[in-house]
Amino acid sequence: MYENQTVIGQTLDTKDLPLSQCKWPEDVLHTIPDWVYTSTEVYNRELEKIFQGDTWNYVALEAEIPNPGDYKRSYVGATPVIVSRAEDNTIHVFENRCAHRGAEFCRKNQGNTNEFVCPYHQWSYDLKGNLQGVPFRRGVDRRGGMPKDFKPQDHGLKKLNVTTLNGVIFASYSDKVEPIEEYLTPEILEEFKVVFPGKPLKVLGYYRNELPCNWKMYHENLKDPYHATLLHSFLVVFGLLVAGNKSAMLVDSVHGRHGIMASAKSDDEISEENKREMRSYHEDMRLQDERFLEFIKEFDSPWSVTMQTIWPNLIVQREMNTLGVRQIIPNGPNSLIMEWTMFGYEDDDDEMQRHRLRQGNLMGPSGFLGLEDNEAMKFVQEGVRRSTTDVNVIQLDANKVGTSDTLISEAAIRAMYQYYRQVMEL
Amino acid sequence: MSLEISYDYQESALPIEQALELKREIDLFNSNYCAALDSAKVELWPDFFTEDAIYRMTSRENVDLGMPVGLVYAEGRPMMHDRATAVANTQMFAPRYMKHIVTNIRPIQKDGNQISATANFILLQTLVEGPSTLHLTGTYHDIFERQEDGSLLLKERQVVFDTSIIANDVVYPV
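These protein sequence lines map, in sequence, to chains E and C.
Counting in my numbering, the first sequence runs from 1265 upward without gaps.
Counting in my numbering, the second sequence runs from 3 upward without gaps.
Below is the structure:
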């Protein structure tokens, strides 16, 4: 639980509705009811239908576990899992729960081992999650021990399906989910391969923070290009993004669940009309050190910035030259944990790596853009949790669902909720 | 430039009288540094650094893994100035009080006009609603540089926090 919520943590009963009372308002396209963010029963159904449903969940980068025996703790939905590379180089994902008494046995975030041993009773598992040893299985002096018909092969760790694409590892509880390339859909796959062309990645480090907001808000924020020039005055003040920039909000045309917010850096003057609309525009502010806003063109893409929202738990950040994946870990209806893995490429020279580190000041829990998003989403969660009114209005670019060519649009959010209502049977 | 930090215990190489003298001086420096930040005078923050200083705030996990990333990563005072200006003028965040408590100041080595030292900190945050919370805890890994006028400035400050999951964000420099 978010520490600050110890005083203001109460959600009104009228917001924590049972599923039977969750009825979407009549104008389904242009409204979002507050209970999608605040109801415990809705959250529980999301874990079942979405995170444990027919989806691929991001769990790790191959660069984090390059060698046999390497492992990393991760999550699928809210469930802790281990991502492990076995002796034969295959990658495995299994729940971090001992099959014996349920202990979350793996406590280190990452490491290298030749087996996993639960510290409680020393049950041991191989790198693929198979039970390999039970101490005193035959008892002591022929007394006690496991029954004769105990079959270790029936008591391995709970295993998930695993797939990889160009160095990115996904896991799924579903046997029906489509292959990952098909899952991503053509538009998203193309941009995914810009960031992950298959060349070796170099992990530069991690950020972790808790956002006291519902996990869907994070997707919505990156499907809401309207906020970019209004909330993030930093972008505007220093000329990174203004309302007139070439930009797009792309939505996958198959399901409407994934998206890409994209823009291209421009040196054009800002029109007087646009300046007046943007309260945050300061003409006289200049950076003393402009290096961190430099854009080194390294990709064959018309965009200098793309934010991919890959359903249900992955954000791929290409903010000019600062690259990262963000893993969304839902943590109850009112909270999410964000794990950021920042990276470059193995073939970056020292100066390119430092450029990525400098540009990293834009993102993360202290990033010029990142912290404002975190603040805004906290405000929204507090508002929807504690107010007597109960509807969000999404009427920009009305009636449109999916890709839009203007930033002043909520068509991508509409597409996400159209898909969501279908999966959630709401 | 090396961002490497060791968490191995390092015995102080300084004679006791000199160590005590430096400890007093660094204590005063840190008190002024924290007073500026705690009074939200973030634009004064770069003044505590040399022109070519490094400031990095990162997690102990990154340090242990030898990873270079910083939540805040500034090469040189101009980058710190830009951050301070942005926080003071353009950033949107809820109002808050910050309180730094710095202790266990420990000068370790003196090399010409440079002094390496560490200090532990806790950072408390108080928002408009809610309790005062322990926002971060960690260690400053510092290199001070003696200036021609006799004063000390930071040539490097790496703020390494133990806190594994940050509550939402860290708005001000630490």
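Glycine included, each C-beta is placed from N, C-alpha and C at the ideal position.
Using a C-beta cutoff of 8 Å, does residue i count as contacting chain E?
{"i": "residue 100 of chain C", "result": "no"}
{"i": "residue 159 of chain C", "result": "no"}
{"i": "residue 264 of chain C", "result": "A query on residue 264 of chain C cannot be resolved here, the shown segment of chain C reaching from 3 to 176 and no further."}
{"i": "residue 77 of chain C", "result": "yes"}
{"i": "residue 15 of chain C", "result": "no"}
{"i": "residue 167 of chain C", "result": "yes"}
{"i": "residue 85 of chain C", "result": "yes"}
{"i": "residue 42 of chain C", "result": "no"}
{"i": "residue 12 of chain C", "result": "no"}
{"i": "residue 46 of chain C", "result": "no"}
{"i": "residue 96 of chain C", "result": "yes"}
{"i": "residue 6 of chain C", "result": "no"}
{"i": "residue 162 of chain C", "result": "no"}
{"i": "residue 80 of chain C", "result": "yes"}
{"i": "residue 61 of chain C", "result": "yes"}
{"i": "residue 106 of chain C", "result": "no"}
Report all residues from its chain with a CB closer than 8 Å to the CB of residue i; omit the five preceding and five following residues, and keep chain order.
{"i": "residue 1673 of chain E", "result": "1489, 1490, 1513, 1660, 1661, 1664"}
{"i": "residue 1374 of chain E", "result": "1328, 1329, 1334, 1335, 1336, 1337"}
{"i": "residue 1463 of chain E", "result": "1609, 1610, 1611"}
{"i": "residue 1376 of chain E", "result": "1331, 1333, 1334, 1335"}
{"i": "residue 124 of chain C", "result": "102, 103, 136, 138, 139"}
{"i": "residue 1431 of chain E", "result": "1325, 1326, 1327, 1460, 1462, 1464, 1465"}
Does DSSP put residue i in a helix, a strand or coil?
{"i": "residue 1265 of chain E", "result": "Bear in mind that a pLDDT of 45 at residue 1265 of chain E, under 50, signals an unreliable position, so the number given afterwards is only what the model happens to contain. Coil."}
{"i": "residue 1316 of chain E", "result": "coil"}
{"i": "residue 1452 of chain E", "result": "helix"}
{"i": "residue 1556 of chain E", "result": "helix"}
{"i": "residue 1425 of chain E", "result": "strand"}
{"i": "residue 1634 of chain E", "result": "helix"}
{"i": "residue 29 of chain C", "result": "helix"}
{"i": "residue 94 of chain C", "result": "coil"}
{"i": "residue 1431 of chain E", "result": "coil"}
{"i": "residue 157 of chain C", "result": "strand"}
{"i": "residue 1447 of chain E", "result": "helix"}
{"i": "residue 1521 of chain E", "result": "coil"}
{"i": "residue 67 of chain C", "result": "coil"}
{"i": "residue 1338 of chain E", "result": "strand"}
{"i": "residue 77 of chain C", "result": "strand"}
{"i": "residue 1457 of chain E", "result": "helix"}
{"i": "residue 106 of chain C", "result": "strand"}
{"i": "residue 1388 of chain E", "result": "strand"}
Given residue i, which residues of its chain have a CB within under 7 Å of its CB, disregarding the five upstream and five downstream residues?
{"i": "residue 1582 of chain E", "result": "1459, 1569, 1570"}
{"i": "residue 1622 of chain E", "result": "1555, 1556"}
{"i": "residue 149 of chain C", "result": "155"}
{"i": "residue 31 of chain C", "result": "154"}
{"i": "residue 35 of chain C", "result": "50"}
Less than 6 Å between C-beta atoms, sequence neighbours within five positions excluded: which residues of the same chain meet that for residue i?
{"i": "residue 1381 of chain E", "result": "1388"}
{"i": "residue 1482 of chain E", "result": "1592"}
{"i": "residue 1565 of chain E", "result": "1458"}
{"i": "residue 1293 of chain E", "result": "1678"}
{"i": "residue 128 of chain C", "result": "99, 134"}
Answer with yes or no whether the minimum CB distance from residue i to chain C is below 8 Å.
{"i": "residue 1265 of chain E", "result": "Summary for residue 1265 of chain E: the model assigns pLDDT 45, below 50, so the residue's position carries little reliability; its value from the coordinates is reported in the next sentence. For residue 1265 of chain E, the answer is no, since every Cβ of chain C falls outside 8 Å of its Cβ."}
{"i": "residue 1476 of chain E", "result": "yes"}
{"i": "residue 1275 of chain E", "result": "no"}
{"i": "residue 1495 of chain E", "result": "yes"}
{"i": "residue 1556 of chain E", "result": "yes"}
{"i": "residue 1696 of chain E", "result": "As shown, chain E starts at 1265 and ends at 1690. That puts residue 1696 of chain E outside it, with no answer to give."}
{"i": "residue 1552 of chain E", "result": "yes"}
{"i": "residue 1271 of chain E", "result": "yes"}
Which chain A residues are close to residue i, counting only those with a beta carbon under 9 Å from its beta carbon?
{"i": "residue 70 of chain C", "result": "Protein chains E and C are contained in the structure displayed, whereas chain A is not."}
field: Contact residues within the region 114-147 of chain C, judged by C-beta distance below 7 Å to chain E
entry: Hits within the stretch, in order: 129, 131, 132, 133, 135.
query: Taking three-plus beta-carbon pairs below 8 Å as touching, is the region 146-163 of chain C in contact with the region 54-74 of chain C?
result: yes
- request: Report yes or no: do three or more beta-carbon pairs, one from the region 1299-1308 of chain E and one from the region 1316-1328 of chain E, lie closer than 8 Å?
  value: no
- request: Determine, using beta-carbon pairs with one atom in the region 23-32 of chain C and one in the region 77-87 of chain C, whether at least three such pairs fall under 8 Å.
  value: no
- prompt: Listed from N- to C-terminal order along the chain, which residues in the region 1616-1629 of chain E have their beta-carbon within a distance smaller than 8 Å of any beta-carbon of chain C?
  reply: 1617, 1618, 1621, 1622, 1624, 1625, 1628, 1629
task: Mind the definition here: the region 1416-1425 of chain E touches the region 1346-1359 of chain E only if three or more C-beta pairs lie below 8 Å; say whether that holds.
output: yes
- prompt: In the region 1325-1338 of chain E, which residues sit with their C-beta less than 7 Å from some C-beta in chain C, listed in chain order?
  reply: The residues in question: there are none.
message: If the cut-off is 8 Å on Cβ atoms, which residues from the region 1633-1646 of chain E count as contacting chain C, listed in chain order?
response: 1634, 1635, 1636, 1638, 1639, 1640, 1642, 1643
message: Would the region 133-146 of chain C count as touching the region 100-117 of chain C if we require 3 or more Cβ pairs under 8 Å?
response: yes
task: Residues of the region 1450-1472 of chain E with a CB closer than 8 Å to any CB of chain C: list them in chain order, please.
output: 1467, 1468, 1469, 1470, 1471, 1472
message: Short of 9 Å Cβ to Cβ, which residues in the region 1371-1392 of chain E face chain C?
response: 1373, 1374
field: the region 1270-1289 of chain E contacting the region 1643-1659 of chain E, beta-carbon criterion three pairs below 8 Å
entry: Yes: at least three Cβ pairs fall under 8 Å.
- prompt: For the region 1598-1616 of chain E, which residues have a CB atom closer than 8 Å to at least one CB atom of chain C, in sequence order?
  reply: Against chain C - using a Cβ distance shorter than 8 Å - the residues of the region 1598-1616 of chain E are 1601, 1606.
- request: Please determine if the region 84-92 of chain C and the region 111-129 of chain C are in contact, where contact requires at least 3 C-beta pairs separated by less than 8 Å.
  value: no
query: For the 8 Å Cβ check, are there 3 or more pairs between the region 1676-1690 of chain E and the region 1491-1500 of chain E?
result: Counting Cβ pairs under 8 Å, fewer than three are found: no touch.
query: Do three or more CB pairs link the region 1278-1291 of chain E to the region 1468-1480 of chain E at distances below 8 Å?
result: no
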